[in-house]
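All the letters of the sequence shown, read from the start, carry residue numbers 1 to 283 under the UniProt record's numbering.
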Amino acid sequence: MSPVWYAAGAGVRRGWTELRQTFTTGQDVFGYVLWTVLLMVPLFLAGDDPLAGAGISTGAFMLPSMLGMTLAFTGVMTTAQLLATEREDGTLLRAKAVPHGMVGYLTGKIIMVSGTALVSMALPFALGVFMVDGVARQGGGALLTLVWVVPLGLLATLPMGAVIGSLVNSPRAVGLMMLPVMGLIVVSGIYFPLSELPGWLQTVGQVFPMYWLGLGLRAALLPAEAVAAEIGGSWRYLETVGVLGAWAVAGLLLAPAVLRRMARRESGAAMAERRQKAMQRVG
1 MSPVWYAAGA GVRRGWTELR QTFTTGQDVF GYVLWTVLLM VPLFLAGDDP
51 LAGAGISTGA FMLPSMLGMT LAFTGVMTTA QLLATEREDG TLLRAKAVPH
101 GMVGYLTGKI IMVSGTALVS MALPFALGVF MVDGVARQGG GALLTLVWVV
151 PLGLLATLPM GAVIGSLVNS PRAVGLMMLP VMGLIVVSGI YFPLSELPGW
201 LQTVGQVFPM YWLGLGLRAA LLPAEAVAAE IGGSWRYLET VGVLGAWAVA
251 GLLLAPAVLR RMARRESGAA MAERRQKAMQ RVG
């Protein structure tokens, strides 16, 4: 076995171990529960209020949309936060010092974040289907759609999270990105159909993966008549593949170069300087 493949295999084992640890760490378990509660509150408030012209309730529309938001949020923000944090605490520097260590490190993070995203989607989905009617009753067709939407969504978001985590100076900078992310949620058709917004906001929302992940999951989990609430009255499968695929390609082309640049600049002196600045902020 080549050294690169060995490092990748070690990364898979490391990622799986880190994922399992999230189920035994109180803080991580609390995070899963809190996120589920935060998603269930608007779903509960919406209840069975009908969505005009769509033949479904507002809650039924929101559930798959929020699952798509979860996938996008976890893929980008969690990846960025982990990279920024482990860059500051020296984990990345230690990985760099081992032959092909960055390959194993990044493989592990892909496994860990992907698993986190799936769990973060599964918990609210398991509760949500009991709270609203008309979701996940499409049989095999729904499963086939999920099989390509979810992996493509991870490919579209994980690399961009790695780019952001490599460019920011500290984990706190990642936290500041929550404000534009909240704005993006508003224009991504998560809590109400994007077709209700002005045309220029519809255009903005359709640039980013969050809208298309929500659309893909609605196509998989909602009945056929719900398509009336979508732009153009269509699930737009080809457009979903095209936009998510474009983000995936852009991220996969950009992320390796940014990560290599970040790894080259990483040193003990740089890490000590960041730690000193962090201590000064705390003091």
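All residues carry an ideal CB built from backbone N, CA and C; glycine is no exception.
Buried or exposed: which applies to residue i, given that a residue is buried once 16 or more other Cβ atoms fall within 10 Å of its Cβ?
i	result
Trp-235	buried
Phe-125	buried
Gly-199	exposed
Arg-87	buried
Trp-212	buried
Met-102	buried
Would you mind stating whether residue i and residue j have Cβ atoms separated by less than 8 Å?
i	j	result
Gly-15	Lys-96	no
Leu-217	Val-149	yes
Ala-220	Thr-157	no
Ala-117	Leu-154	yes
Gly-214	Ile-190	yes
Gly-31	Thr-107	no
Gly-47	Ala-228	no
Met-7	His-100	Looking at the sequence shown, residue 7 is not Met but Ala. For Ala-7 and His-100, yes; Cβs fall inside 8 Å.
Going by DSSP in three states, residue i sits in which element: helix, strand or coil?
i	result
Pro-256	helix
Ser-170	coil
Leu-197	coil
Pro-3	helix
Ser-234	coil
Ser-57	strand
Pro-209	helix
Pro-223	coil
Pro-50	strand
Val-181	helix
Phe-192	coil
Gly-137	Going by the sequence as given, residue 137 is Arg instead of Gly. Note: Arg-137 maps to coil in three-state DSSP.
Gly-90	coil
If contacts are defined as beta-carbon pairs under 8 Å, then residue i and residue j qualify, I think. What distance do you get, rounded to the angstrom?
i	j	result
Met-160	Trp-247	7 Å
Leu-184	Met-210	6 Å
Val-258	Ser-166	5 Å
Leu-51	Gly-128	Rounded, the Cβ-Cβ distance is 15 Å, inconsistent with contact.
Val-135	Leu-82	The Cβ separation is near 31 Å, so there is no contact.
Ser-2	Thr-74	Contact flag wrong, Cβ pair sits at about 31 Å.
Take every Cβ of the stretch 197-214, pair it with every Cβ of the stretch 237-249, and state whether three or more of those distances are shorter than 8 Å. Short answer: they touch.
Is the stretch 45-63 touching the stretch 164-184, taking contact as three or more C-beta pairs under 8 Å? As far as the Cβ criterion goes, the stretch 45-63 does not touch the stretch 164-184, which means the pair count is below three.
The stretch 110-130 in contact with the stretch 72-86 per 3-pair CB rule at 8 Å: Yes, the stretch 110-130 touches the stretch 72-86.
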